[in-house]
Structure formats: C-alpha cells, structure tokens
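Below is one structure, written out as structure tokens, with a few remarks after it.
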Amino acid sequence: MKAANLAPCLMAMLLCTACEQLPIARKAPPPPPPASTAAKPAEQPRPTPIAAHDISLAGTCRRTEDDGFREDAVMRVVSNDVKSLKWKLWVSKRGTCQFDLADFKQVQKTPHIVLEATDGTQCKLLIWQDPRRVTLAHANCQQRCTPGIYEQAWPVLFNPRNGDCAEIR
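Under mature numbering (1 follows the signal peptide of the UniProt record, and there is no 0), read the sequence shown as residues -18 to -1, 1 to 151, first letter to last.
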C-alpha cells in the first residue's frame, strides 16, 4: 500500500473506533459510594415511635434523690386533657425550675400531649405514656429555671397504674 492510501484507511479506522466507543462513553458511570459510609460505623435502626395512649392519670410524685435532685409534681389528666399541673424540681442546691398549668395552653392531645407557654417563649411541656411510665418533660424552658441548671433538669416519671413516682431503674 502506498502511504497516500494508508492515511485515509488509518483515518477511517480511528473514526470507526471512535464510533464504537461512543455508546460506551454515553453510559453514566456508576455513582461512587457516599464518602461518609466508609468513615461511619454501621447505623443503628431508629427506635420506633411510642404508640399513642389515652392518658388518664391522677399523679403525685414527690421524692429526693441521693444526689440532691428533688421533684414535686402533681398532675391530673383525663382522656388526654390536662386538668391540673404543678411541677417544681430542684437541681441539688444549685437552683430550681417551676411549671404551672396556668402559664400554658394545651395545643395537642395525640400522639402525645403538648402544652405551650402562653408568654411566647417557645417553652413546651410534653406528656406521653409507654408501658412502664407516664413522662412529663420540658423543652426550651430555660427561662423557667435558675440560670445554669437547665441541662440537669430531668423529666418527671409517673407510674401509670397508681400515679406515684415511677421507678427509674
């Protein structure tokens, strides 16, 4: 073959090869694995939400723990309507938090009870029941506590069968 004839043949081969490669080049490469999966340990399954319960409770929980934490909570709930609530807790001798139903309005009944502060502070009281206890907890209520103790202000737990303080252990 002459060199003049070889150039068009080479050009045709190159074009033909490019044409065959084109469909492969159009395929999207598989997505790379997320970068975080290699660094993260295996994720635990999320806990299932607590099932909604019709809460009716006449509860009184007054106790003092060995570490000085003390609570005095009285709450009456009838078919998920909060009828009365007074709760004061002490974090050792460092300070207190105090909640009174007169300062809240009930805004939700199920799947758990929510009370919102009427003063616009975003403070909420949450009440829910699991098989072992009825929990009364607070969220965003720093202004109702002595400064510096809010992180140690734990929820109060009632025994759903008799309204007394629930066992913590």
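Where a beta carbon is used, it is the ideal one built from N, C-alpha and C, also for glycine.
Quick caveat, the model's predicted, so the values are computed rather than measured.
Mind checking whether residue i and residue j have CB atoms under 9 Å apart?
i	j	result
ARG52	TRP72	yes
THR46	GLY145	no
THR103	GLN125	yes
ALA119	ILE131	no
VAL116	LEU67	no
ILE95	VAL60	no
ASP85	ALA99	yes
PHE81	CYS123	yes
ASN62	ASP101	no
ARG58	GLN134	no
ARG44	ALA55	yes
Pick helix, strand or coil for residue i, following the three-state DSSP scheme.
i	result
ALA121	strand
ALA40	strand
SER135	One detail in the question is off: residue 135 reads as Ala in this sequence, not Ser. Residue state, collapsed to three classes: coil.
ASN141	coil
ARG45	strand
ASP101	coil
ILE6	Caution is warranted here: a pLDDT of 41 is assigned to ILE6, below 50, making its placement in the model unreliable, and no coordinate value can be reported.
LEU52	The sequence as given places Arg at residue 52; Leu does not occur at that position. Strand.
For residue i, which beta-bridge partners are listed by DSSP?
i	result
THR78	TRP72
LEU108	VAL96, ALA119
ARG58	ALA40, SER66
LYS91	Paired residue(s): none; LYS91 is not in a bridge.
Establish whether the CB of residue i and some CB of chain D are separated by less than 9 Å.
i	result
CYS123	As a matter of chain content, chain D is missing from the structure shown, which is built from one protein chain.
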